[in-house]
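J.: Can you read through this structure? Questions will come right after.
Numbering (the numbering used here), first residue to last: 49 to 268.
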């Protein structure tokens, strides 16, 4: 049993050393030495100088391409250089730059943009009449909408007829509400009006308040 436990401890130590190669090697043998990893018989042959130089060149070009890609994707980054004689090229005076526009074309474009802004302002004022009118002219004044020459003429007979129709509509609305809402108590403008409840008055519904009864008449 002791032998089995000893072998188990050794196997555990080997497993820990295999899983954690970063741990230092601890030994009590003063004559113990490590084997060189690169000069072992099974080590791969070293690369030729040409292959190493080619690999360094490829990695250098990859770094330069990465820098160009970053500069292209992030034009907001400042240009950093160590060359004191480096200078930038003027974008507008380069040989491949487009020819400048004539003064007539530039003036026409400015006029078109100015008219577009004015049309936009008129459209906003038309769609939003609730906005206040803003002006810098101290002599500007508004025109009365009702006294303008194109305003419709006032017809007294038409207005009286309109008021009569509106009054009838209000009375009809009151009658409809009293008919649909019978639980609402009757009201009258006459101070001598009295409520008369019929002896045969019944409750509107079994579940309603007993005080809510039908008023069948008024005694004036």
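No residue lacks a Cβ here, since even glycine has one placed at the ideal position from N, Cα and C.
1) Any idea what DSSP makes of residue 51, helix, strand or coil?
2) Pop quiz: residue 65 and residue 57 are said to be a contact at Cβ under 8 Å. What is the actual Cβ separation, rounded to whole angstroms?
3) Is the beta carbon of residue 179 sitting closer than 8 Å to the one on residue 173?
4) Quick one: measure Cβ to Cβ for residue 125 and residue 119, integer angstroms, because I've assumed they're closer than 8 Å.
5) Out of curiosity, what's the CA-to-CA distance linking residue 142 and residue 135?
6) In angstroms with no decimal places, state the Cα-to-Cα distance between residue 175 and residue 215.
7) What three-state label does DSSP hand residue 57 in the structure shown?
8) So, helix, strand or coil for residue 93, using DSSP?
9) Assign residue 149 to one of three DSSP states: helix, strand, or coil.
T.: By the coordinates alone:
1) helix
2) Residue 65 to residue 57, Cβ: 13 Å. No contact.
3) Yes, Cβ-Cβ distance for residue 179 and residue 173 is below 8 Å.
4) Correct: roughly 7 Å between the Cβ atoms.
5) 14 Å
6) 35 Å
7) helix
8) coil
9) coil
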